[in-house]
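Here the structure is laid out as structure tokens; the discussion comes afterwards.
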Amino acid sequence: MPGSRVARRRRYLVCEPRHFAVRYAINPWMHPDRPVDVSLAQRQWRTLVATYRDHGHTVETVNPEPGLPDMVFAANAAVVVEGRVFGSLFCAPERRPESVPYEAWFKSEGFDVQHPESVCEGEGDLVPAGRWILAGTGFRTTREAHREVQEFFGIPVIGLTLVDPYFYHLDTALFVLDDENVAYYPDAFSPGSREVLERLYPDAVTATREDAMAFGLNSVSDGRHVFIAPEATALAGRLADRGYVPVPVDLSEFHKAGGGIKCCTQEIRS
Ligand code: ARG
Numbered sequence: 002m003p004g005s006r007v008a009r010r011r012r013y014l015v016c017e018p019r020h021f022a023v024r025y026a027i028n029p030w031m032h033p034d035r036p037v038d039v040s041l042a043q044r045q046w047r048t049l050v051a052t053y054r055d056h057g058h059t060v061e062t063v064n065p066e067p068g069l070p071d072m073v074f075a076a077n078a079a080v081v082v083e084g085r086v087f088g089s090l091f092c093a094p095e096r097r098p099e100s101v102p103y104e105a106w107f108k109s110e111g112f113d114v115q116h117p118e119s120v121c122e123g124e125g126d127l128v129p130a131g132r133w134i135l136a137g138t139g140f141r142t143t144r145e146a147h148r149e150v151q152e153f154f155g156i157p158v159i160g161l162t163l164v165d166p167y168f169y170h171l172d173t174a175l176f177v178l179d180d181e182n183v184a185y186y187p188d189a190f191s192p193g194s195r196e197v198l199e200r201l202y203p204d205a206v207t208a209t210r211e212d213a214m215a216f217g218l219n220s221v222s223d224g225r226h227v228f229i230a231p232e233a234t235a236l237a238g239r240l241a242d243r244g245y246v247p248v249p250v251d252l253s254e255f256h257k258a259g260g261g262i263k264c265c266t267q268e269i270r271s
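Numbered continuously in the working numbering, the sequence shown closes out at residue 271.
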């Protein structure tokens, strides 16, 4: 019902793309021989931050470290629910050192950080969705990490298997609209996981491959506004039909690293 969706103010953690680059290839989007325009990336990123603030959200920043070109993807550093922080153990050795500055940031803000024992990439694969946590596996985060996350939070963890390397993190194939509903790209999931999503979310908003390849599922919703890649036009239309308000934000320069809006945004849930 248009107009009836209610936004909730959020607290986001982001990292400026000062040292952003594509220097290695750990997903099919990354081509180190294709140049990245860092000043364009910085402008796009600043627009994202300004857009969040314009919509009433709190945005905090962690200092970027030289030599960590993917550190801008703050979502991968942890998952935070009810003020409890479960950190990351990155799959790629190139990204493992990112955990140090992120953990230092959380500690400076008064949080303890629980270290995973198995590979686990924060909100990239662990998506808090109201009463449970949706958890991706197949490319990065392991089943063993899902078990650790459930034990740590005491919240049911629902494992979903990703099958398409372009959608290597759960947050490239699905995002949470509000506590009741999600949007996703069905073909990114194994048949059984697709069925799980159909059972949990009979009213889900589904997306086309074009929407997904445009990083349309790598969106952030505050319950009313959906910060979404401008090329994901079909999905934006479907969201508007359901009463959400799409807010286009172009992060095209980050697509070269396999990331988009959500990847750049860690939500601190208190
Ligand atoms: N280059 C990064 C990687 O492959 C991109 C991470 C994108 N983040 C995300 N939440 N999907 O690890």
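Backbone N, C-alpha and C fix where the C-beta goes; we use that ideal spot for every residue, glycine too.
Thinking C-beta only, is Val15 closer than 8 angstroms to Val60? yes
Since Gly259 and Trp30 should fall inside the 8 angstroms C-beta cutoff, what is the C-beta to C-beta distance between them, to a whole number of angstroms? 4 angstroms
Could you tell me if the beta carbon of His170 falls within a distance shorter than 7 angstroms of some heavy atom in the ligand ARG? yes
Tell me the DSSP bridge mates of Gln45? Paired residue(s): none; Gln45 is not in a bridge.
Can you find a heavy atom of the ligand ARG that lies under 7 angstroms from the Cβ of Lys263? yes
For Gly238, name the three-state secondary structure that DSSP assigns. helix
Identity of the residues DSSP links to Trp133 by a beta bridge: Answer is Ala130.
Opening and closing residue of the beta strand (DSSP E) in which Pro249 lies: Val246 to Pro249
In or out: Ala241 buried (at least 16 other Cβ within 10 Å) or exposed? exposed
Which residue marks the beginning of the alpha helix (DSSP H) containing Glu145, and which one marks its end? That run of the alpha helix (DSSP H) goes Arg144 to Phe154.
Considering only heavy atoms of the ligand ARG, does any lie closer than 7 angstroms to the CB of Arg96? yes
Between the C-alpha atoms of Thr162 and Thr48, what's the straight-line distance to the nearest angstrom? 33 angstroms
Determine the DSSP secondary structure at Val312, reduced to helix, strand or coil. For the chain, the structure presents residues 2 to 271; residue 312 sits outside this window and is missing.
Relative to the ligand ARG, is the shortest distance from any of its heavy atoms to the C-beta of Asp71 smaller than 7 angstroms? yes
Member of Ser191, Thr52, Asp180 and Asn77 whose CA lies at the smallest distance from the CA of Glu122: Asn77
Extent of the continuous beta strand (DSSP E) to which His226 belongs: His226 to Ile229
Rank Leu236, Val150, Ile159 and Glu149 by C-alpha distance to the C-alpha of Leu178 and give the top, closest one. Leu236
Within a Cβ cutoff of 7 angstroms, which residues of the same chain sit near Cys92, ignoring the five residues on either side of it in sequence? Once the five neighbours on either side are set aside, the close Cβ partners of Cys92 are Val120, Glu122 and Arg141.
Could you tell me which residues DSSP puts in a beta bridge with Val12? The sequence given here has Arg at residue 12, not Val. Thr59.
Quick one: Cα of His116 to Cα of Ile156, how far? 17 angstroms
Alpha carbon to alpha carbon, how far is Leu90 from Glu118? 7 angstroms
Starting from Phe74, trace the alpha helix (DSSP H) in both directions and tell me its first and last residue. Phe74 -> no alpha helix (DSSP H), and no H or E assigned at all.
Nearest to Ala189 by CA position, among Thr173, Asn182, Pro249 and Asp204, is which residue? Thr173
Please report the distance separating the alpha-carbon of Tyr43 from that of Ser109. In the sequence under discussion, the amino acid at residue 43 is Gln, which differs from the Tyr named in the question. A direct Cα-Cα distance of roughly 25 angstroms separates Gln43 from Ser109.
For the segment 73-88 and the segment 51-59, state whether three or more C-beta atom pairs, one from each stretch, are separated by less than 8 angstroms. no
Taking only heavy atoms of the ligand ARG into account, decide whether any of them is closer than 7 angstroms to the Cβ of Ala241. no
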